[in-house]
Structure formats: structure tokens, C-alpha cells
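Everything in the sequence shown is counted per numbering that gives the first Met the number 0, starting at 0 for the first residue and increasing by one.
All residues carry an ideal CB built from backbone N, CA and C; glycine is no exception.
Treat the numbers as computed from the prediction; the structure is a model and nothing was measured.
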Amino acid sequence: MEGHGGLSDGAVTAACKEGDPITQDYMMQQTMLRVKDPARSLDFYTRVLGMTLLQKIDFPSMRFTLYFLGYEDKSDIPADVKERTAWTFSRRATIELTHNWGSESDESLSYHNGNNKPRGFGHIGVAVPDVYAACKVFEEQGVTFVKKPESGKMKDLAFIQDPDGYWIEILSPNNMVSLLSP
0 MEGHGGLSDG AVTAACKEGD PITQDYMMQQ TMLRVKDPAR SLDFYTRVLG
50 MTLLQKIDFP SMRFTLYFLG YEDKSDIPAD VKERTAWTFS RRATIELTHN
100 WGSESDESLS YHNGNNKPRG FGHIGVAVPD VYAACKVFEE QGVTFVKKPE
150 SGKMKDLAFI QDPDGYWIEI LSPNNMVSLL SP
């Protein structure tokens, strides 16, 4: 590691190898977040972030439900459950909300968001056309902010929290280049 704490460009190049040819058709399909109250979480991810519920899958014998959400057009979702399942699992970058039945009534239960000690998982990111306009709407909706776009050293991006305290970075792809400047 270099003095500034990161890998040199050469070290990064050396660490990144070509994947086995079988990996050429792999894709990042989902990130799973455990949720305490699915009604609150579904409201947040659909109404506040504008995602679409792609599929709900119940597992009664194991007492949990999966909710898959993404940025897809509702009219593209197949009606047939087998087609819908294959379609859902072919979408890129979905969120899988996992609800363990009964967790919503357990007052002592809370999930670790990865940003408190011990640190681990950090956040998911949502790209928006205008960070400031999105944050204005979030503020009007009573969303909890970790960081507003005008605060901190990294301007023009924000972090909000979902009902379980998971962090969500709100960014505009066109603004990200300005963050690279010292």
C-alpha cells in the first residue's frame, strides 16, 4: 500500500485478472437486505425511491418472504408466475428485501446497517438525474438524511436511510467526475 492508503494503479492492474471464460455471461443480479417491517420498506422503496415490485415469493415452511424490486416498467412484468420468476432473476441490480415473519413485532430486533462498528456493508447507490431535486422531494417526504448534497467534503451527492437504517447513496452520474478533482 502506498503512503496515501490506496493501491497504486500498477498494483490495481496486477490484482485484477481476467475471469474464466465461463464468467462472461455473469451479472450482478441482486443485493439482499433484511427488513423488519415489509409494509414500511415496500412503501419506502416504491413510493420514495420509485422502484417497482417485480415479484413476491413466500416460503411458508421457513417463515420468510422475499420481495424483489428494481427499476423496471410494470408493463414488462410477465403475468405467468414461471415466466415472471425467470424474468425477475434475469434483471440487473435488483434489491431483494427479506422479511423473516414476526420480526415486525419484535421490539428488540434491529438490523446492523454495516456503518456502525464493526463496519462491513456500507450502502447501495441510486443514480438520479438531479441530486438536489431528489433530495428536496425526500425532505418533503420526511426521509432521514445521513448527508445532504451541500454538506461535507464530497458535494453534490447525498446519503439517506431506509426504514431499517440502511444507507442509500443518491448520486448523479454526471456529477461524479467533479468528485475526482482534489
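Three or more C-beta pairs below 8 Å linking the region 36-44 and the region 117-125: Under the three-pair Cβ rule at 8 Å, the region 36-44 does not count as touching the region 117-125.
First through last residue of the alpha helix (DSSP H) which encompasses Asp-42: Numbered from its first residue, the sequence shown carries residue 42 at position 43. Residues 37-42.
Around the Cβ of Ser-107, are there at least 16 other Cβ atoms within 10 angstroms (buried) or fewer (exposed)? Mapped onto the sequence shown, residue 107 falls at position 108. Result: exposed.
Would DSSP call Glu-1 helix, strand or coil? Within the sequence shown, the letter at position 2 stands for residue 1. With a pLDDT of 46 at Glu-1, under the threshold of 50, the modelled position of that residue is not reliable, and the figure given next carries that caveat. DSSP places Glu-1 in coil when its eight states are reduced to three.
Tell me which same chain residues have a C-beta within less than 8 Å of the C-beta of Gly-101, skipping the five on either side of it? Position 102 of the sequence shown, counting from 1, holds the residue named residue 101. Counting only Cβ-Cβ distances below 8 Å, and skipping sequence neighbours, we find Arg-62.
Asp-163: which of Glu-103, Asp-24, Asp-79 sits nearest, CA to CA? Translated into the one-based positions of the sequence shown, residue 163 becomes position 164. Cα-wise, what sits closest to Asp-163 is Glu-103.
Would you call the CB atoms of Leu-53 and Leu-96 closer than 8 Å? Translated into positions along the sequence shown, residue 53 becomes position 54. Translated into positions along the sequence shown, residue 96 becomes position 97. No, they are not a contact pair.
Does the Cβ of Cys-15 have 16 or more other Cβ atoms within 10 Å, making it buried, or fewer, making it exposed? In the sequence shown, counting from the first residue as 1, residue 15 sits at position 16. Cys-15 comes out exposed.
Spatial neighbours of Tyr-110 in its chain, beta-carbon cut-off 6 Å, leaving aside the 5 residues before and after: If you number the sequence shown from 1, residue 110 lands on position 111. Counting only Cβ-Cβ distances below 6 Å, and skipping sequence neighbours, we find Arg-33, Asp-163.
For the region 73-93 against the region 127-141, are there 3 or more C-beta pairs whose distance is under 8 Å? No, the region 73-93 does not touch the region 127-141.
Is Leu-156 buried or exposed, if buried means 16 or more other CB atoms sit within 10 Å of its CB? Position 157 of the sequence shown, counting from 1, holds the residue named residue 156. By the Cβ-count criterion, Leu-156 is buried, with 16 or more other Cβ atoms from all chains shown falling within 10 Å of its own Cβ.
Ser-74: which of Trp-86, Tyr-66, Leu-65, Thr-64 sits nearest, CA to CA? Counted from its first residue, the sequence shown places residue 74 at position 75. It is Trp-86.
Output the distance between the C-alpha atoms of Tyr-165 and Gly-113, rounded to the nearest integer angstrom. Looking up residue 165 in the sequence shown gives position 166. Looking up residue 113 in the sequence shown gives position 114. Spanning the alpha carbons of Tyr-165 and Gly-113 requires a straight line of approximately 8 Å.
Could you pull the start and end residues of the alpha helix (DSSP H) that Glu-138 belongs to? Taking the first residue of the sequence shown as position 1, residue 138 is located at position 139. Segment 130-139, the alpha helix (DSSP H) holding Glu-138.
Pop quiz: Ile-159 and Val-142 are said to be a contact at Cβ under 8 Å. What is the actual Cβ separation, rounded to whole angstroms? The residue you call residue 159 lines up with position 160 of the sequence shown. The residue you call residue 142 lines up with position 143 of the sequence shown. Here Ile-159 really is in contact with Val-142; their C-beta atoms are around 5 Å apart, less than 8 Å.
Buried or exposed for Tyr-25, please, with buried defined as at least 16 other CB atoms from any protein chain shown within 10 angstroms of its CB. For the purposes of this step, residue 25 is identified with residue 26 of the sequence shown, where counting begins at 1. Under a 10 Å Cβ-count criterion, Tyr-25 is classified as exposed, with fewer than 16 other Cβ atoms of the shown protein chains found around its own Cβ.
Does DSSP put Arg-90 in a helix, in a strand, or in coil? To locate residue 90, count along the sequence shown from 1; it is residue 91. Looking at Arg-90 - three-state DSSP - the assignment turns out to be coil, as it is neither helix nor strand.
For His-98 and Pro-59, believed in contact at Cβ under 8 Å, the rounded distance: Locating residue 59 in the sequence shown gives position 60, where the first residue counts as 1. Locating residue 98 in the sequence shown gives position 99, where the first residue counts as 1. About 13 Å separates the two Cβ atoms, so there is no contact after all.
Can you tell me whether Met-0 is buried or exposed? The criterion is at least 16 other CB atoms within 10 Å of its CB, across all chains shown. The residue you call residue 0 lines up with position 1 of the sequence shown. At Met-0 the pLDDT is 47, less than 50, meaning the model places this residue with poor confidence and gives no usable figure here.
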